[in-house]
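Using my numbering, you'd call the opening residue of the sequence shown number 356 and step up by one each time.
Virtual Cβ for every residue (Gly too), placed ideally from N, Cα, C.
Remember, predicted model here, so these are calculated numbers, not experimental data.
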Amino acid sequence: QAFKFPRSMLNDGLDFSFSGLKTAVLYQLEKLDPKQGQAPADAIPDLCASFQQAVIEILVTKTIRAATQCEEKTISLSGGVSCNRALRNAMQKSCDEMGYELLISPPEVSTDNAAMIAFVALQRHLRGMQSSFHEDINPNLALV
Numbered sequence: 356q357a358f359k360f361p362r363s364m365l366n367d368g369l370d371f372s373f374s375g376l377k378t379a380v381l382y383q384l385e386k387l388d389p390k391q392g393q394a395p396a397d398a399i400p401d402l403c404a405s406f407q408q409a410v411i412e413i414l415v416t417k418t419i420r421a422a423t424q425c426e427e428k429t430i431s432l433s434g435g436v437s438c439n440r441a442l443r444n445a446m447q448k449s450c451d452e453m454g455y456e457l458l459i460s461p462p463e464v465s466t467d468n469a470a471m472i473a474f475v476a477l478q479r480h481l482r483g484m485q486s487s488f489h490e491d492i493n494p495n496l497a498l499v
């Protein structure tokens, strides 16, 4: 980790904020180039990797804490963010350490909400699960 960025609210509950992290990145840019506030090209990969690592640590810590507090043993990582290989690996490592099951959709269906819903529908169909066309709207309906 080339740059040390803060992990805001890491020890507090389940809330998180990235505003302190964004400010720390801005200040780091100003340190690297006080006149322009831009990172030299050779510093950009380290700057991005350090930022990514800070975000991943916050997301994984808060997710594991939430699962522990709710006494859940299964965590689902989904949506576009789930395509991030470093996040997938860090979440898998933490889940393995805690004895939790991690469900991650394949990357090819993770960036498109319609594709994710269609994938769940296919999985339900393959399991013989059916529903009528007269279902009530339920935003809390379980997908698995």
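DSSP puts L381 in a beta bridge; with which residues? Residue 381 sits at position 26 when you count from the first residue of the sequence shown. Answer by DSSP bridge pairing: none, since L381 is not bridged.
For I316 versus N439, is the C-beta distance shorter than 9 angstroms? As shown, the chain starts at 356 and ends at 499. That puts residue 316 outside it, with no answer to give.
From the DSSP secondary-structure annotation, give me the bridge partner or partners of L457. On the sequence shown, position 102 is the one that residue 457 refers to. Beta-bridge pairing by DSSP links L457 to I430.
Got a sec, what are the start and stop residues for the alpha helix (DSSP H) I472 sits in? Reading the sequence shown from its first residue, position 117 is the one you call residue 472. I472 -> alpha helix (DSSP H) spans 468 to 481.
Taking C-beta to C-beta, are F358 and S405 nearer than 9 angstroms? Numbered from 1 along the sequence shown, position 3 holds the residue referred to as residue 358. Numbered from 1 along the sequence shown, position 50 holds the residue referred to as residue 405. Yes, they are a contact pair.
Starting from R362, follow the alpha helix (DSSP H) in both directions and report where the run begins and ends. Here residue 362 is taken as the residue at index 7 of the sequence shown, counted from 1. Going by DSSP, R362 is part of no alpha helix (DSSP H) at all; its letter is neither H nor E.
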